[in-house]
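4 protein chains.
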Amino acid sequence: MLSPGDLILLWSPAKGDSFLVRLTPGSTQGSHLGQMKHDDIIGMEFGEIISTNKGSPFFILRPTVGEYTRRIKRQTQVIFPKDSGFIIQHLNFGPGSTVVECGTGSGGLACVFAHFVGDNGRVVSYDRREEFSRLAESNAERWGVRHRIEFKTRDIWNGFDERDADALFLDVQNPWDFIGAAHEALACGHRLGMLVPTFNQIEKALVALSDFGFVDVQVLELLMRYFKTDPRRIRPDDTMTAHTGFLIFAAKACRLPAPESSGDEPAPEVKDG
Amino acid sequence: MLSPGDLILLWSPAKGDSFLVRLTPGSTQGSHLGQMKHDDIIGMEFGEIISTNKGSPFFILRPTVGEYTRRIKRQTQVIFPKDSGFIIQHLNFGPGSTVVECGTGSGGLACVFAHFVGDNGRVVSYDRREEFSRLAESNAERWGVRHRIEFKTRDIWNGFDERDADALFLDVQNPWDFIGAAHEALACGHRLGMLVPTFNQIEKALVALSDFGFVDVQVLELLMRYFKTDPRRIRPDDTMTAHTGFLIFAAKACRLPAPESSGDEPAPEVKDG
Amino acid sequence: MLSPGDLILLWSPAKGDSFLVRLTPGSTQGSHLGQMKHDDIIGMEFGEIISTNKGSPFFILRPTVGEYTRRIKRQTQVIFPKDSGFIIQHLNFGPGSTVVECGTGSGGLACVFAHFVGDNGRVVSYDRREEFSRLAESNAERWGVRHRIEFKTRDIWNGFDERDADALFLDVQNPWDFIGAAHEALACGHRLGMLVPTFNQIEKALVALSDFGFVDVQVLELLMRYFKTDPRRIRPDDTMTAHTGFLIFAAKACRLPAPESSGDEPAPEVKDG
Amino acid sequence: MLSPGDLILLWSPAKGDSFLVRLTPGSTQGSHLGQMKHDDIIGMEFGEIISTNKGSPFFILRPTVGEYTRRIKRQTQVIFPKDSGFIIQHLNFGPGSTVVECGTGSGGLACVFAHFVGDNGRVVSYDRREEFSRLAESNAERWGVRHRIEFKTRDIWNGFDERDADALFLDVQNPWDFIGAAHEALACGHRLGMLVPTFNQIEKALVALSDFGFVDVQVLELLMRYFKTDPRRIRPDDTMTAHTGFLIFAAKACRLPAPESSGDEPAPEVKDG
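Protein chains in written order, with the working numbering: chain A, 20 to 292; chain F, 20 to 292; chain Y, 20 to 292; chain G, 20 to 292.
Shown next as structure tokens:
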């Protein structure tokens with residue numbers, strides 16, 4: 020039974036419009052098809068229909084983490100489920116993982132990470148901009164994962180506080196400047212991830228990953244295409260999101276392979292950032 | 020420190036070749052670059068280098084759930100991380116979820132689901148073919164999630180045993196035949212997912228979803244493109260996997276909207292499969 | 020030197036806006052950056068700059084056939100250069116070819132065909148709707164290829180007038196109904212092409228092609244992605260056209276292969292539509 | 020009626036295998052389904068069936084320019100029809116055009132260009148490597164367009180011989196080094212095209228285009244996906260070509276816009292390479 024504070028998705032069959040709503044006694048949800056009182060929804064169940072004051076039906080659906088991160092209050096580009104779903108698998112997240120990210124932005128990725136690490140896991144999220152940490156906190160609160168995330172409002176020019184992190188993700192404009200810091204914070208043999216929108220950034224990131232001896236470097240992009248759902252006219256949608264960003268992954272080696280040109284020197288230790 | 024029974028990824032910088040290995044005392048891993056004794060790896064750490072008897076280095080990396088499901092012993096098409104990552108988000112899995120799937124196949128998707136529901140969650144996986152349940156059990160055992168999965172070796176023509184499942188996934192050739200059974204087993208307002216390779220299957224599935232009053236129906240496909248990682252020559256790989264399958268998602272409504280043609284009859288109850 | 024009646028492309032560096040203009044003495048071209056008098060452009064050369072009355076520069080460029088067909092006056096979906104460029108190659112058009120198409124629509128494809136068959140070639144374009152034949156005539160006139168096209172305003176339920184056409188293209192909603200007519204009009208061993216937006220249409224077209232013994236059947240789609248052109252931030256555009264249509268091609272066989280189940284009967288003649 | 024010297028496509032329904040063959044009295048075409056004598060094919064018609072000595076049928080089809088360029092004898096990467104079809108439209112080729120390209124390579128693009136400019140058009144193709152000019156000549160001979168192409172075996176460091184070309188295409192590793200030469204050879208307001216495989220090359224080309232005042236710069240890529248043609252199981256092929264190259268286009272301006280930082284100096288003339 021739905022209670023005050025629950026997060027629901029109101030979905031209209033008329034237009035496919037939908038609203039992500041946190042049930043608040045006394046509140047009203049508007050739409051171009053009419054209004055719905057939260058008090059009328061409280062006490063109903065997921066899957067039921069609420070009608071607007073104009074008689075239009077909305078289905079009460081359980082929101083998904085993917086939809087939530089697409090709809091959060093934001094001041095930055097949000098992460099898309101196509102990307103975050105791949106990230107959590109390639110960074111090998113799971114219940115109990117400890118993960119570190121920079122920067123927080125609107126907190127979408129931190130919410131996904133917190134969702135999947137569970138109550139025994141922990142997310143540490145850095146951002147130097149106070150307003151982003153606050154916004155992300157509020158978004159994490161709303162999704163119910165605030166207690167799993169530690170927000171740190173500072174830059175990482177002097178590195179991360181963490182060591183032996185299970186995974187580390189950089190969502191910053193200049194990730195190449197922090198590959199050393201990431202190397203220091205990450206557990207050996209574990210994965211670093213990055214998201215960058217341009218090819219020029221890929222180029223710089225690849226050079227930095229090589230400098231710090233990261234291995235199993237992968238660069239990829241994901242494209243998602245929706246289809247129209249009329250069974251008599253199945254076809255791709257007319258337009259699609261053509262680009263969100265390129266994903267870069269690499270694994271931390273504990274020791275660099277000996278330089279090819281070297282003679283009889285010992286294998287160097289990896290730089291510590 | 021790596022111990023017998025641990026699962027590791029051996030990754031060669033020479034060719035990008037890699038092997039997924041479960042450490043077993045007395046065993047040897049072969050490669051075209053030479054052999055490695057498991058006993059030499061036991062006691063080492065992730066991130067370190069093991070050399071073959073011919074002197075070629077392999078890095079010892081922590082395997083990821085995505086890689087694991089790509090490399091399992093299989094007799095069926097496996098799920099790709101690009102697809103499973105989107106599925107777990109749109110089906111809203113997380114630590115503690117109860118999810119039902121049919122069919123088990125080689126168990127790749129069951130392993131991903133079990134990885135993300137954690138020890139407090141539960142996966143029930145149906146397949147009518149005994150050999151697949153056994154293969155999947157063995158693959159789940161190897162990934163360490165066997166205890167989270169209940170394998171049921173029977174068909175679902177008479178429905179699922181479960182009710183109020185958090186999510187349900189159909190990975191069968193004829194999902195349209197089981198939309199009623201899925202409706203019965205799924206919690207109201209929650210999500211059903213399907214993967215089908217052909218358009219003809221999409222067509223039939225969409226008709227069945229409509230018959231059972233499912234809402235928020237989405238059909239999509241994900242394309243993944245890898246890039247070469249030489250920073251001086253960044254470009255997409257020459258070839259790519261162009262198709263794995265189409266994903267179909269829908270939410271269970273508890274009550275069907277009144278048929279448009281109906282006069283003054285009451286809204287019908289949803290069929291129960 | 021540009022003369023009255025010439026077709027030019029006015030391209031603004033400020034916004035990337037552009038206009039396709041036919042020079043007409045006394046006319047004025049408006050834009051949000053100000054106005055340009057055609058009389059000022061007449062006498063200039065391609066590649067020069069004309070300034071608006073507000074001082075904004077527009078470059079005078081030579082329009083391309085691809086741009087022209089994208090910008091024609093239209094009442095129907097136009098053909099995209101990515102698709103028409105592939106069509107003319109797979110249908111093997113060239114100077115001197117005789118090609119037949121149905122339906123005319125806004126005439127975009129007929130203009131492309133007429134452009135490439137040259138003055139020694141011939142395009143016959145059918146449409147049952149008078150207003151489309153007129154619109155297409157006007158568009159062909161503007162591009163200067165009207166004399167190469169014969170517009171026929173009638174349906175093709177009773178077939179085409181032509182025989183031994185070098186190539187034939189069907190751009191209609193129900194191409195499967197006209198595969199027989201196409202077979203009759205096309206030269207043996209030559210190519211038929213179709214463009215359909217949905218998968219349901221592909222299904223029906225493939226069945227009809229098989230019934231009439233067409234061979235070397237190919238189904239494909241083309242996706243085009245534009246990139247931003249700032250050399251410091253090279254990246255795909257945020258959105259793209261995700262779908263125009265699927266292309267279907269097949270070659271006409273003069274004789275059907277003997278049915279597999281047949282005993283000792285002679286090979287059947289191909290149906291004649 | 021097919022004669023000695025004709026180019027035909029032999030297409031097998033059994034496997035979809037096909038051969039591009041120039042009919043030569045006394046010759047034999049082998050295949051894993053048996054052999055076919057050219058003398059048996061001479062005198063037949065396009066669209067008919069020739070049987071191998073083992074009784075397997077091959078259809079005699081008319082080859083297309085797209086297929087031809089994919090199958091030419093080659094020592095270099097060939098152009099794909101998806102790309103060349105877009106190029107000829109964006110460069111505005113047609114019967115009678117004069118076009119210049121560098122480098123010749125195996126001659127595939129020169130053959131496409133020559134096919135579409137017709138007997139009144141002219142293609143000039145530069146390559147500094149004698150063996151490529153010879154190979155391309157032989158390929159052009161076979162397609163029947165040798166007389167429309169002038170092969171020049173020299174580098175273009177000192178520029179092209181031509182002026183006022185209708186279009187110019189650079190298919191070389193370092194196109195940025197020849198943007199000035201291209202500017203000099205091209206007619207004002209007309210189009211330059213390039214094909215480059217890597218992003219690093221796009222970056223350098225964009226800078227050079229800007230230096231020489233080219234306008235309407237466009238960067239794009241084309242992806243082509245084939246589908247399986249069984250009407251009961253319509254689906255994309257499992258794999259596809261993920262990358263051939265990026266296309267870059269730009270139009271030549273006759274006069275550079277005044278530099279933004281300039282004070283009261285006159286608008287500079289464009290550099291002449």
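Idealized CB from N, CA, C, for every residue including glycine. Note that this is a predicted model, so its numbers are computed, not measured.
Beta carbon proximity, residue i to chain A, threshold 8 Å
i: Y/Pro194; result: no
i: F/Gly212; result: no
i: F/Ile221; result: yes
Interface partners of residue i on chain G, CB under 7 Å
i: Y/Met243; result: Leu239, Leu241
i: Y/Cys130; result: Here the premise fails: no neighbours, minimum Cβ distance about 11 Å.
Beta-carbon neighbours of residue i, restricted to chain Y and to distances below 8 Å
i: A/Ile107; result: Residues of chain Y passing the Cβ test: none, with the nearest at roughly 24 Å.
i: G/Asn177; result: Correct list: empty, because the minimum Cβ distance to chain Y is about 23 Å.
Below-8 Å beta-carbon distance, residue i vs any chain F residue
i: G/Ile267; result: no
i: G/Thr88; result: no
i: G/Pro8; result: The structure shown has nothing for residue 8 of chain G, since chain G only spans 20 to 292.
i: A/Phe231; result: no
i: A/Leu80; result: yes
i: A/Phe135; result: yes
Counted within 10 angstroms of its Cβ, other Cβ atoms place residue i as buried (16 or more) or exposed
i: A/Trp176; result: exposed
i: Y/Asn219; result: buried
i: Y/His57; result: buried
i: Y/His134; result: buried
i: G/Glu288; result: Below a pLDDT of 50, predicted positions are generally treated as unreliable, and G/Glu288, at 42, falls in that range; the measurement from the model is reported next regardless. So G/Glu288 ends up on the exposed side.
i: Y/Gln192; result: exposed
i: A/Glu203; result: buried
i: F/Arg141; result: buried
i: A/Met20; result: exposed
i: Y/Pro255; result: buried
i: Y/Gly137; result: buried
Neighbour flag for residue i against chain G, beta carbons, 8 Å
i: A/Phe246; result: no
i: Y/Ser83; result: Contrary to the premise, residue 83 of chain Y reads as Thr rather than Ser in this sequence. It does; some Cβ of chain G falls within 8 Å.
i: F/Ile98; result: no
i: F/Ala257; result: The residue asked about is misnamed: residue 257 of chain F is Asp in this sequence, not Ala. True, the Cβ-Cβ gap to chain G drops below 8 Å.
i: F/Arg254; result: yes
Below-8 Å beta-carbon distance, residue i vs any chain Y residue
i: A/Asn158; result: no
i: A/Thr260; result: yes
i: F/Phe218; result: yes
i: G/His51; result: no
i: G/Gly199; result: no
Where residue i meets chain Y, residues with beta-carbon distance less than 7 Å
i: G/Leu225; result: Thr248, Pro250
Chain-ordered chain G contacts of residue i [CB-CB under 8 Å]
i: Y/Ser103; result: Gly104, Gln108
Partners in chain A for residue i, counting only beta-carbon separations shorter than 8 Å
i: F/Asp271; result: For clarity, residue 271 of chain F is Lys in the given sequence; the question names Asp instead. Gly66, listed in chain order.
Chain-ordered neighbours of residue i on chain F, where CB pairs are closer than 7 Å
i: A/Gly264; result: By Cβ distance, chain F contributes nothing, its closest Cβ being about 13 Å from A/Gly264, past 7 Å.
Under 9 Å from the C-beta of residue i: neighbouring residues of chain A
i: F/Gly127; result: Chain A residues near F/Gly127: none, gap ~12 Å exceeds 9 Å.
Indicate whether the contact test is met: 3 or more Cβ pairs, each with one atom in the segment 183-201 of chain A and one in the segment 220-230 of chain A, closer than 8 Å. With the cut-off at 8 Å, the segment 183-201 of chain A and the segment 220-230 of chain A touch.
Is the segment 177-189 of chain G touching the segment 154-161 of chain G in the sense that three or more CB pairs, one from each, lie closer than 8 Å? Two segments are said to touch when three or more pairs of C-beta atoms, one from each, lie closer than 8 Å; by this definition the segment 154-161 of chain G does not touch the segment 177-189 of chain G.
Do three or more CB pairs link the segment 168-186 of chain A to the segment 251-267 of chain A at distances below 8 Å? Verdict: no, contact absent.
Fully enclosed by the segment 65-150 of chain F, which alpha helix (DSSP H) runs are 4 residues long or longer? Runs of the alpha helix (DSSP H) inside the segment 65-150 of chain F: 84-90, 100-109, 127-136.
I'd like to know if the segment 83-102 of chain F and the segment 121-139 of chain F are in contact, where contact means that at least 3 CB-CB pairs between them fall below 8 Å. yes
What are the uninterrupted segments assigned as alpha helix (DSSP H) that are 4 or more residues long and contained completely in the segment 186-228 of chain G, given in chain order? 198-204
Touch test, the segment 45-59 of chain Y against the segment 88-107 of chain Y, Cβ-Cβ under 8 Å, three pairs minimum: Flag = no, the segment 45-59 of chain Y and the segment 88-107 of chain Y do not touch.
Which runs of the alpha helix (DSSP H) fall wholly inside the segment 154-185 of chain Y and span at least 4 residues, in chain order? none
contact_flag[the segment 207-223 of chain A, the segment 256-274 of chain A] where n(CB pairs < 8 Å) is 3 or more: yes
Is the segment 87-102 of chain Y close to the segment 237-246 of chain Y, with three or more CB pairs under 8 Å? yes
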